[in-house]
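Everything in the sequence shown is counted per my numbering, starting at 1 for the first residue and increasing by one.
Glycine included, C-beta positions come from ideal geometry on N, C-alpha and C.
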Amino acid sequence: MLRPDAEYDTPLKPCKIKIDEILYPAVMQEHRLISENINVNREIITDCTSIRKYIFEEPFAVFKPEPFMVECDDGYCSICYMSDNRLSIIEMEGSKMDFSKAMNLPEEGFDGQADIIAGWVICPYCLKKQFKVNSDTRIERMPYKCKNSKCRRELIVNV
Numbered sequence: 001m002l003r004p005d006a007e008y009d010t011p012l013k014p015c016k017i018k019i020d021e022i023l024y025p026a027v028m029q030e031h032r033l034i035s036e037n038i039n040v041n042r043e044i045i046t047d048c049t050s051i052r053k054y055i056f057e058e059p060f061a062v063f064k065p066e067p068f069m070v071e072c073d074d075g076y077c078s079i080c081y082m083s084d085n086r087l088s089i090i091e092m093e094g095s096k097m098d099f100s101k102a103m104n105l106p107e108e109g110f111d112g113q114a115d116i117i118a119g120w121v122i123c124p125y126c127l128k129k130q131f132k133v134n135s136d137t138r139i140e141r142m143p144y145k146c147k148n149s150k151c152r153r154e155l156i157v158n159v
């Protein structure tokens, strides 16, 4: 059974945002919607859509009726609109979060080959067990897709 959609807001986080090349102090909050679906291959896909809201300490000097570009000090850029009270701006479209950003990057010179530990093929990206192999099993250059729902990367198995 699939998990129902879950909505939540992240804690308020102080930030500086750039609008028209001017920096403004604000607090940022993300509204997240996490959902699980099944794709055509009957695999579970987890999606997380995030919409940011920036709240100013004081009302913005001039109301901006048209959408405009906002750049946060964490490097995130988006098109936003201003609320009627001029105290907050909200992102126009939610962004899909990429779970791979939460994973460890491979070491320099990494060739994408799986490790074998205690008879198990281990994904080199997320370090999860994939399948068991015997000591007499022989596999060469077998492409394999990680079964971890947050990874799903291609790897090469050599046993």
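For residue i, which of the options has the nearest alpha-carbon?
i: Met82; options: Asp9, Gly75, Asp74 and Val70; result: Val70
i: Asn85; options: Thr49, Lys64 and Gly75; result: Lys64
i: Ile179; options: Lys129, Lys128 and Gln29; result: Coverage of the chain is limited to positions 1 through 159, which leaves residue 179 absent and any answer about it impossible.
i: Glu140; options: Val157, Cys126, Glu66 and Arg42; result: Val157
i: Ile22; options: Asn41, Lys53 and Ala61; result: Ala61
Would DSSP call residue i helix, strand or coil?
i: Tyr76; result: coil
i: Leu127; result: coil
i: Ala26; result: strand
i: Asp20; result: coil
i: Asp9; result: strand
i: Gly64; result: The question names Gly, but residue 64 is Lys in the sequence shown. Coil at Lys64, not helix or strand.
i: Met1; result: Residue placement at Met1 is poorly supported in this model, since its pLDDT is 41, which falls under 50; the coordinates still yield a value, given next. Met1: coil per DSSP, three-state reduction.
i: Ser83; result: coil
i: Glu36; result: strand
i: Glu43; result: coil
Based on the DSSP secondary-structure assignment, which residues constitute the bridge partners of residue i?
i: Gln113; result: Ile156
i: Glu58; result: In the DSSP output, where bridge partners are listed per residue, Glu58 has none listed.
i: Lys150; result: Its beta-bridge partners do not exist; DSSP assigns none.
Looking only at its chain, what residues have a beta carbon closer than 8 angstroms to the beta carbon of residue i, apart from the 5 residues adjacent to it on each side?
i: Thr46; result: Ile34, Ser35, Glu36, Phe99, Ser149 and Lys150
i: Asp115; result: Val121, Ile122 and Pro124
i: Gly119; result: Lys132, Val133, Asn134 and Ser135
i: Ile79; result: Pro67, Phe68, Met69, Val70, Glu91, Met92 and Glu93
i: Leu2; result: Residue confidence for Leu2 is low, a pLDDT of 49 falling below 50, so the modelled location carries little weight and cannot support an answer.
Starting from the C-beta of residue i, find all residues in its chain whose C-beta is less than 7 angstroms away, skip the five residues before and the five after it, and write them out in chain order.
i: Thr137; result: Val159
i: Glu154; result: Pro143 and Lys145
i: Phe87; result: Per the sequence shown, the amino acid found at residue 87 is Leu instead of Phe. Counting only Cβ-Cβ distances below 7 angstroms, and skipping sequence neighbours, we find Ile55, Phe56 and Pro59.
Suppose the cutoff is 6 angstroms on Cβ atoms and the five residues either side in sequence are ignored; what does the same chain contact list for residue i look like?
i: Pro14; result: Val27
i: Cys73; result: Correcting the residue identity first, residue 73 is Asp in this sequence and not Cys. Closer than 6 angstroms at Cβ, skipping near neighbours: Cys15 and Lys16.
i: Glu66; result: none
i: Tyr24; result: Ile17
Within the continuous beta strand (DSSP E) that includes residue i, where are the two ends?
i: Thr137; result: Segment: none, Thr137 is in no beta strand (DSSP E) and carries neither H nor E.
i: Met160; result: Residue 160 lies beyond the residue range present for the chain, which begins at 1 and ends at 159; the question has no answer from this structure.
i: Glu91; result: Ser88 to Glu91
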